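Under this note's numbering, the first residue of the first sequence carries the number 2, and numbering increases by one thereafter. Note that CB positions come from ideal geometry on N, CA and C, so glycine has one too. Keep in mind that this is a model prediction, so the values were computed, not measured.
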Amino acid sequence: MSDNSGRLSRKFFSRDVLDVAPDLLGRVLVRRGRGGKETRDIITEVEAYRGERDLACHASKGRTKRTEIMYEEAGLIYTYLIYGKYWLLNIVTGEKGVPQAVLIRATKKADGPGKVSDMFDINESFYGVDITKPSKIWIERSDIILPNYKQYPRVGVQYAGDWAKKPWRFIMED
DNA sequence: ACAAAGATCCGT
DNA sequence: CGGATCTTTGTA
């Protein structure tokens, strides 16, 4: 599920988003900037967005210029601008052709998706980047494997009706 | 071409 | 609780 460097593989992300999401908790998000400077932090909170039927998922309205990346292979990055300020970091999961993505909502030192984007300097240039290949961003294994976690309803998706009640927000416990 | 809404954050 | 801020999307 990971190569010699510990970088999580395409196989890891190719599972259903409800399996991938909790499995990301405790793992390390790494960003290599210019000059080789690395920013790294443990993932503590994620949310799952699962297919066209999921009314909270952007792909619920079908394939558009923005959502088409979710129909591609697992491991690609889906990022989009929210409220004119933050490029939220998502990773495509599941089988090709079925739109799913997991949103990285928080790390130890960035308690919110917008703060994650600030801390790791995520911007529009990350759209479609393969997080399983050597590049400016990847996720590594850590000593923490499947930590204790709890599930809660997703944030900011009241418009999704019953789908807003699904406990697809996963938070690691200390 | 125009208007509305949004997977957020911060200050009051 | 309201404002900032600007892209995406739906409607005409």
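The bridge partners DSSP lists for Thr40 are Arg32.
Fully enclosed alpha helix (DSSP H) runs of no fewer than 4 residues are not present anywhere in the stretch 69-113.
Secondary structure of Arg170 (DSSP, three-state): strand. Around the beta-carbon of Glu46, 16 or more other beta-carbon atoms lie within 10 Å, marking it buried.
According to DSSP, Glu48 shares a beta bridge with Leu104 and Arg170.
Secondary structure of Asp55 (DSSP, three-state): coil.
Per DSSP, the beta-bridge partners of Arg8 are Glu141.
In terms of Cβ geometry, Leu147 and Asp24 form a close pair [threshold 8 Å]. Separation of the CB atoms of Ile70 and Val93 is rounded to 6 Å, and the pair is thereby assigned contact status at 8 Å. In the three-state reduction of the DSSP assignment, Lys62 falls in the helix class. Counting along the chain, the unbroken alpha helix (DSSP H) around Val21 starts and ends at Val18 to Leu25. If you ignore the 5 residues before and after Phe13, its C-beta comes within less than 6 Å of the C-beta of Met2, all in its own chain and listed in chain order.
If you look at Tyr150, you'll find it in the beta strand (DSSP E) that goes Tyr150 to Tyr153.
Around Phe127, the same chain offers Ile78 and Thr80 as residues with beta carbons nearer than 6 Å, after the five sequence neighbours per side are excluded. In this model, Glu48 and Leu30 are separated by some 15 Å (Cα to Cα). Going by C-alpha positions, Val158 is about 11 Å away from Lys167. The alpha carbon of Arg33 has as its nearest neighbour, out of Arg67, Lys137, Lys116 and Ala111, the alpha carbon of Lys137.
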